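Report on one structure; see the data block that follows.
Numbering (my numbering), first residue to last: 1 to 321.
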């Protein structure tokens, strides 16, 4: 064997990418080589990591292919192959060959994201008492992401992975992504905290500190803080309010009346446009016929219906232009 007889493809790779070792063994003699043993060593280890028995006919060669996993290998890695045969050989200097490949460590921090029912929240926001919390970690490295790389603490208590409540899912490299879905049933109203610490398999944390968020939960279906802004308004305004409970209401309507009690506009809002917590609904300042309303004082009612719960909130607004 001579140096060019052993190759590594690729010869430089990121940790976690397999390398294919290819060794060509030639028999330049006149006799067949039966039960030729090849011992493969890695770096300066005394024990072999791979043994292969082959037969090579005279004036011929055999190729050995071996896939080497690099999950536990890092930096320059030397491979040594030593051939031995039961028959007496005149020359043994060509029975040893060695070469190396390089394994680079991933040093890029992964990308982290967390959503509550499909949206990012701010500290102190109100969420559903039965939310779907999605934690996502994306990594550029090929080493697999596992549950053990995450620490999730809810109200100072570590969470454990159990079916239907805290579920882990992984998409392998090259689209390496871990997704954790948490579906709690939060029965205690009030303020709660969630803390997440996560890293990739190379030990790179997504940030220098953990993600920590506080949020409030209210189990009873309700509508609060109903206003319009700006008020008075010139051309258009927004109706704003806060929704609480498990789900958004089945039905929500806004009715606008003159001071005499005549309804001039009704806005029906699809549940798909509503969120638990803050909501903002645009009104162009026009009546049901599409005409701009006159200056003056008006009233509006927000009618909230969720299952058997019906609530109505009335407020005053002014048009000044």
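Built from N, CA and C at the ideal position, the CB exists for glycine as well. In this text the structure is predicted, and so the values were computed from the model without any measurement.
Between residue 23 and residue 131, the alpha-carbon positions lie close to 56 Å from each other.
Listed in chain order, the non-local C-beta contacts of residue 140 below 6 Å within the same chain comprise 108, local neighbours out to five positions each way being set aside. Within the DSSP secondary-structure output, residue 153 pairs in a beta bridge with 158 and 195. The DSSP-derived three-state label of residue 220 is coil.
A distance below 9 Å separates the beta carbons of residue 182 and residue 134.
In the assembly as shown, residue 228 is a buried residue. Its beta-carbon has 16 or more other beta-carbons within 10 Å.
One thing to note: residue 125 has its Cβ no nearer than 9 Å to the Cβ of residue 40. Excluding sequence positions up to five before and after residue 176, its CB lies within less than 6 Å of the CB of 139, all in the same chain and listed in chain order. Counting every other CB atom within 10 Å of its CB across the protein chains shown gives residue 261 a total below 16, marking it as exposed.
Per DSSP, the unbroken beta strand (DSSP E) holding residue 19 starts and ends at 19–27.
In this structure residue 277 is buried. Its beta-carbon is surrounded by 16 or more other beta-carbon atoms within 10 angstroms. At a Cβ-Cβ threshold of 9 Å, residue 37 and residue 67 do not count as neighbours. The three-state reading of DSSP puts residue 66 in strand, counting E and B together. Taking 9 Å as the cut-off, the Cβ atoms of residue 152 and residue 79 do not count as close. DSSP lists no beta-bridge partner residue for residue 145. Between the alpha carbons of residue 60 and residue 172 lies a gap of roughly 41 Å. Residue 321 is positioned such that its CB atom lies closer than 9 Å to that of residue 295.
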